[in-house]
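Chemist:
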Amino acid sequence: MNYKAKILIIEDMEVQRFLLKQALLSFRIIVDEAENGKIALEKLVQNRDYDGIITDVDMPVMNGIEATKKIRKLGFKNPIIGFSSMSEDEDIAKGLNAGMDAYLKKTADYDVIRKMLEDLDILEKEEEEEEIPI
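Residue numbers (the numbering used here): 21 to 154.
Structure below.
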């Protein structure tokens, strides 16, 4: 199978990791996982070949805001997407100020996730099939 990208999911809740992973796999994305920001940093020190990161904002050990700041200090330039059930303007601003490129609600459907990945150039935009007149 021809994979299109590689993304690191940072999320402490196994069910949320599973659901997001299923969406990404359906887009032919290779997925790596970390249960918190500390584990993610350990992975990034070993290997930085991720096309993007999707991180929960509220996690134990190291939250997504702190993880994003440290990931950026490591020199990671690719998109980081905040992933949270909180969508207040203040929460979004904190993530963007920390170095996140975008913010995704945990309730987002596959189309919203795909569009965000396309907008951030993690995935190529799908070409719409041209209708052939009969």
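Cβ coordinates follow ideal geometry from the N, Cα and C atoms, glycine included.
1. At the level of alpha carbons, what is the spacing between V65 and M120?
2. With distances taken between CB atoms, is the gap from K58 to I85 smaller than 7 Å?
3. Starting from the N-terminal side, write out each stretch of the alpha helix (DSSP H) that is 4 residues or longer and does not extend beyond the stretch 106-136.
4. Would you tell me roughly how many angstroms separate the C-alpha atoms of E62 and R48, rounded to the nearest one?
5. Which word fits Y130, buried or exposed, when buried means at least 16 other C-beta atoms lie within 10 angstroms of its C-beta?
6. Am I right that Q36 and K126 are in contact with their C-beta atoms under 8 Å? What's the rounded C-beta distance?
7. Note down, in chain order, each residue of its chain lying with its Cβ closer than 6 Å to the Cβ of E149, except the 5 sequence neighbours on either side.
8. Closest to A28 by C-alpha separation, out of P99, E34, L45 and I74, would be which residue?
9. Considering only their Cβ atoms, is the gap separating V77 from M102 smaller than 7 Å?
Modeler: This is what the structure gives:
1. 19 Å
2. no
3. Complete alpha helix (DSSP H) runs here, min 4: 109-118.
4. Cα atoms of E62 and R48: separation of roughly 25 Å, rounded to the nearest angstrom.
5. exposed
6. 6 Å
7. With a pLDDT of only 49 at E149, under 50, the local geometry of the prediction cannot be trusted, and no value is derived from it.
8. Note on residue identity: the sequence assigns Leu, not Ala, to residue 28. Minimum Cα distance to L28 is reached at I74.
9. This sequence places Gly at residue 102; Met is not what is there. Cβ atoms of G102 and V77: closer than 7 Å.
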